[in-house]
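Take a look at the structure set out below.
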Amino acid sequence: PPADIARLQEIWDELKSTIDEKKKDQLADEVNQLHMKNIWVIGTVGGYFIPVIVKNNFRNVPERVFADPAIPDCLDPEQFFIRQK
């Protein structure tokens, strides 16, 4: 693939194994710079938040979620749990 696409793949691999928040932010900034430089996607609508409505005993669910159909698992549902009474 072209060099910038290859770099995006490298960043993705690095993001999956990085636990340092500052490093993650730096990598995300680099991703944004690459997207601005190459304009691979032309967005028609800005990002928006959607409400999340759940039962009171359904836990570890974010209060606000950034809606993005390209990232359907952004809620991390594997981290949800039901509080037993």
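In the numbering used here, the protein residues as written are 370 to 454.
Using N, Cα and C, we set each Cβ at its ideal position, and we do this for glycine too.
It should be emphasised that the depicted structure is a prediction, and the values quoted were computed from it without experimental measurement.
C-alpha distance - residue i paired with residue j, whole-angstrom precision
i       : j       : result
Arg-433 : Val-421 : 6 Å
Ile-451 : Glu-390 : 28 Å
Asp-373 : Lys-454 : 52 Å
Asp-394 : Lys-406 : 18 Å
Phe-449 : Asn-429 : 5 Å
Asn-425 : Asp-445 : 18 Å
DSSP state of residue i mapped onto helix, strand, coil
i       : result
Arg-452 : coil
Trp-409 : coil
Those residues which DSSP pairs with residue i across a bridge
i       : result
Ile-419 : Val-434
Arg-428 : Phe-450
Proximity winner among the options, relative to residue i (alpha-carbon distances)
i       : options                            : result
Cys-443 : Ser-386, Glu-399, Ile-419, Asn-426 : Ile-419
Glu-399 : Trp-381, Val-414, Thr-413          : Trp-381
Phe-427 : Thr-413, Ile-408, Glu-447          : Glu-447
Pro-371 : Trp-409, Glu-383, Ala-397, Lys-385 : Trp-409
Asn-401 : Arg-376, Thr-387, Ile-388          : Arg-376
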